[in-house]
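Okay, structure first, notes after.
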Amino acid sequence: MTRVLAVNGSYRDDGVTDRVMDTIVAELADAGAEVEVVLLREHPIEFCLNCRQCTQKPGEDPAQCVQHDDMRELIDKVEQADAYVLAAPTNFGSVTALFKRFMERLTVYAYWPWEQPAPTMRKRQQPRKRAIVVSSCAAPGFLGRLLYTSHRQLKNTADVIGADTVGSLFTGHAARRAGNELPIEIVERARELAHKLL
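Under the working numbering, read the sequence shown as residues 1 to 198, first letter to last.
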């Protein structure tokens, strides 16, 4: 059975990102996957201190952060999963601050001793997992992909934790629909994407 971790960086309940995520999660569960949803808004995560203590020891496993918060538990969940759904709406051209905080704390996946000019990613040489990335924006979806960094940031997050992005969904015109109803083509695309993780 495929274990899927779905990480949602949306600020509010039942918005566009939540609805897309719910569609994907339901499709995965119907197909027999074991799915766990993490709503970052429910987890206290501190800012990365940029102390780089976690980057000093070599190894393929993520290092321990010096901070004691929910991120340790989330890293364990990341490690136990076989595949990922990474989702965050676009705010000011980027992923939300909630998701950005999560991203920055993934520094534990880097080996970067002080004398080394750039980091080496710990998961680069290991067998790759699969990820799909989901975002939404007020602009048309194709423009959002081109103009905003959220899509690239979500894909980068997948890469850091050892996954290849096998599909993505960028929902445009998110601010135009009262009640956050998803167009049928978005629902169908979300269902299709779910099967790429199995």
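C-beta atoms are modelled at their ideal positions from N, C-alpha and C, and glycine is treated no differently.
* Three-way DSSP call (helix, strand, coil) for residue 107 in this model -> DSSP places residue 107 in the helix class (H, G or I) of the three-state scheme.
* To do: Determine, using beta-carbon pairs with one atom in the region 142 to 153 and one in the region 87 to 95, whether at least three such pairs fall under 8 Å.
  => Here the region 142 to 153 makes contact with the region 87 to 95; the two share three or more CB pairs at distances below 8 Å.
* Asked: Under 9 Å between the Cβ atoms of residue 5 and residue 108?
  -> The answer is no: Cβ separation not under 9 Å.
* **Meets three-Cβ-pair contact criterion under 8 Å: the region 184 to 194 and the region 159 to 171** => Taking one beta carbon from each stretch, the region 184 to 194 and the region 159 to 171 have 3 or more pairs nearer than 8 Å; the two touch.
* To do: With residue 156 as the anchor, note down where its beta strand (DSSP E) starts and where it stops.
  => If you look at residue 156, you'll find it isn't in any beta strand (DSSP E); it sits in the alpha helix (DSSP H) that goes 150 to 160.
* Starting from residue 170, follow its DSSP beta bridges and name the residues at the other end. => BP columns for residue 170 point to 135.
* To do: Measure the C-alpha to C-alpha separation of residue 17 and residue 116 and round it to an integer number of angstroms.
  => Computed Cα separation, rounded: 39 Å.
* **Cβ-based burial, residue 29 [other Cβ within 10 Å; buried from 16]** => Only exposed fits residue 29, as fewer than 16 other CB atoms lie within 10 angstroms of its CB.
* Asked: Given a threshold of 16 other Cβ atoms within 10 Å of its Cβ, counted over all protein chains shown, does residue 184 qualify as buried or as exposed?
  -> Only exposed fits residue 184, as fewer than 16 other CB atoms lie within 10 angstroms of its CB.
* Is the distance from the Cβ of residue 2 to the Cβ of residue 33 below 9 Å? -> Cβ atoms of residue 2 and residue 33: closer than 9 Å.
* To do: May I ask you to verify whether the region 117 to 132 touches the region 43 to 63, counting CB pairs closer than 8 Å and requiring at least 3?
  => Because the criterion of three Cβ pairs below 8 Å is met, the region 117 to 132 and the region 43 to 63 touch.
* Which residues mark the beginning and the end of the beta strand (DSSP E) in which residue 3 is found? -> Taken as a continuous stretch (DSSP letters only), the beta strand (DSSP E) holding residue 3 covers 3 to 8.
* **Residue burial classification, residue 66 (beta-carbon count within 10 angstroms, cutoff 16)** => Only exposed fits residue 66, as fewer than 16 other CB atoms lie within 10 angstroms of its CB.
* Inter-residue CB distance, residue 193 and residue 19 (contact presumed, cutoff 8 Å) -> No, residue 193 and residue 19 are not in contact; Cβ-Cβ is about 14 Å, not under 8 Å.
* To do: Assign residue 254 to buried or exposed, taking buried as 16 or more other Cβ atoms, counted over all protein chains shown, within 10 Å of its Cβ.
  => No information on residue 254 is available, as it lies outside the stretch 1 to 198 that the chain covers here.
* Flag residue 55 as yes when its Cβ comes closer than 8 Å to any non-hydrogen atom of the ligand FMN, and as no otherwise. => The ligand content of the structure shown is nil, which means the ligand FMN is not present either.
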